[in-house]
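Engineer: My structure is below; once you've seen it, I'll send some questions.
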Amino acid sequence: MEEPRTSATKRSREAGARPEAVAVLARHPWWTALGVFALAIVVLLALWDWNWFKPLVERQVEARTGRSFEITGDLDVDRFGWTPLVQIGGFRFGNATWAKEPTMASADCLQIAIELKPLLFHRELRIPEIRLRKPRLRLEYGPRREGNWTFGEPSTGTTQYGALWIDDGRVRFIDAAKNTDIDVAVRSDLRDPTSQAPPVLANGGGRWEGRKFTMRGRGESPIALKETTRPYRIDVHATAGSTKAHVRGTLLDPFRMRGFDVKLALSGRNLAELYPLLGIAAPGSPPYAFDG
40 MEEPRTSATK RSREAGARPE AVAVLARHPW WTALGVFALA IVVLLALWDW
90 NWFKPLVERQ VEARTGRSFE ITGDLDVDRF GWTPLVQIGG FRFGNATWAK
140 EPTMASADCL QIAIELKPLL FHRELRIPEI RLRKPRLRLE YGPRREGNWT
190 FGEPSTGTTQ YGALWIDDGR VRFIDAAKNT DIDVAVRSDL RDPTSQAPPV
240 LANGGGRWEG RKFTMRGRGE SPIALKETTR PYRIDVHATA GSTKAHVRGT
290 LLDPFRMRGF DVKLALSGRN LAELYPLLGI AAPGSPPYAF DG
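For the sequence shown, the numbering used here begins at 40 and goes up steadily by one.
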């Protein structure tokens, strides 16, 4: 007999709780409406198909750069809040019209974090995080010595970048007029998991003005190159035939070729072999080695 009485008591309590809950909702209609609205937004964002925006994004990039742009994978937003993480599941960016290869840049995945507050309230674009998986970048000179990296109108705004992570990337540089073709594998150095701007490791080689060579090196994040007042640290080893070089130090403003503070170690079979590599005219010599 106790079990039916317990069930009846439980039903009575539940029945009494319903009017009380209704009364609470009635006393706070605005908070209730706000909660329902917030819940609806969360559900909408979770279920929304962001691929609807793909044509819009593609058209904007093409209009600003004058190059073709195609998102080959899904477009999604993985993290919500004031700094959402936008994910592009693959893209292709077109090359210059004179280039034989139609694609200048591509990646299997691109993730970009965007700070919304500066963008909405101050019209400042801040990208604190960029992640690339299997990016491919092709840089080359054209028949009139124009680089394929020159495109679009000069930007009038400023964009602030944060950390860059590269997974299994490759960069190729071609200068057919000078018989130069360099192919380098690049990836972020993740040995320090706490680093907010991990350095980049490079390993590759090719031809430099017809001379075969190999190289390996380490440099700071490419984003740091924008900071012309902060030294950019490098450490590069290169080998061409019997000639070996080791460059290490800092570059303050490498794009303007100033602010160099580097040490160069050279060794080889004959100083005369430096001319086709570095343009340094030197007489024939016995094997040499120096560091300074």
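Yeah, the Cβ is synthetic: ideal placement off N, Cα and C, and Gly gets one too.
On a predicted model such as this, the values are computed, not experimentally measured, just so you know.
For a test of the three-state rule: what should DSSP assign to L229, helix, strand or coil?
Structural biologist: L229 falls in the coil class under three-state DSSP.
Engineer: For the candidate residues F130, E154, H161 and L159, whose alpha-carbon lies nearest to that of P167?
Structural biologist: E154
Engineer: Excluding the five sequence neighbours on either side, which residues of its own chain have a C-beta within less than 8 angstroms of the C-beta of F190, listed in chain order?
Structural biologist: T104, G105, R106 and A135
Engineer: Just the C-alpha distance for V223 and G256, rounded to the nearest angstrom, thanks.
Structural biologist: 10 angstroms
Engineer: Taking S278 and F252 to be in contact with their CB atoms under 8 angstroms, please state how far apart those CB atoms are, rounded to whole angstroms.
Structural biologist: Sequence inspection shows Thr at residue 278; the Ser mentioned does not correspond to that position. Going by Cβ atoms, the distance from T278 to F252 rounds to 6 angstroms, so yes, they are a contact pair.
Engineer: Confirm, please, whether the CB-CB distance from G128 to K173 is below 8 angstroms.
Structural biologist: no
Engineer: In this structure, does DSSP put A138 in helix, strand or coil?
Structural biologist: coil
Engineer: To the nearest angstrom, how far is it from the Cα of E109 to the Cα of P326?
Structural biologist: 53 angstroms
Engineer: Span of the alpha helix (DSSP H) holding G154?
Structural biologist: Correcting the residue type first, residue 154 is Glu in the shown sequence and not Gly. Element bounds for E154: n/a, residue is neither H nor E.
Engineer: Give me the Cβ distance between Q235 and A263, rounded to the nearest whole Å; I'm assuming they're in contact under 8 angstroms.
Structural biologist: In fact, because the Cβ distance is near 12 angstroms, the residues do not count as touching under 8 angstroms.
Engineer: Rounded to the nearest angstrom, how far is the Cβ of T282 from that of E312, given a contact under 8 angstroms?
Structural biologist: 6 angstroms
Engineer: Once you ignore the five residues that flank L158 on each side, which residues in its own chain have a CB closer than 8 angstroms to its CB?
Structural biologist: L164 and R165
Engineer: Alpha carbons only, please: which of P193, W188 and I273 is nearest the one belonging to T289?
Structural biologist: I273
Engineer: Helix, strand or coil for I319? Go by DSSP, reduced to three states.
Structural biologist: coil
Engineer: By alpha-carbon positions, which one of D147, E248, R131 and H276 ends up nearest to L317?
Structural biologist: E248
Engineer: Around the Cβ of S324, are there at least 16 other Cβ atoms within 10 angstroms (buried) or fewer (exposed)?
Structural biologist: exposed
Engineer: So, R250 versus P315, is the Cβ gap smaller than 8 angstroms?
Structural biologist: yes
Engineer: T104 bridges to which residues according to DSSP?
Structural biologist: According to DSSP, T104 bridges with nothing at all.
Engineer: So the beta strand (DSSP E) Y37 belongs to, where does it begin and stop?
Structural biologist: Past the boundaries of the shown model lies residue 37; the chain is included only from 40 to 331, so the question cannot be answered.
Engineer: Take H285 and list the residues in its own chain whose beta-carbon comes closer than 7 angstroms to its own, dropping the five residues that flank it on each side.
Structural biologist: H276 and A304
Engineer: Go ahead and pull the three-state DSSP assignment for N218.
Structural biologist: If DSSP states are grouped into helix, strand and coil, N218 belongs with coil.
Engineer: Which of the three DSSP states, helix, strand or coil, is assigned to P237?
Structural biologist: In this structure, P237 counts as coil in the three-state DSSP scheme.
Engineer: Quick one: is I319 buried, meaning 16 or more other Cβ sit within 10 Å of its Cβ, or exposed?
Structural biologist: exposed
Engineer: Going along the chain, which residues of its own chain have a beta-carbon closer than 6 angstroms to the beta-carbon of A328, five neighbours each way excluded?
Structural biologist: S306
Engineer: Mapping the DSSP letters down to three states, classify E168 as helix, strand or coil.
Structural biologist: strand
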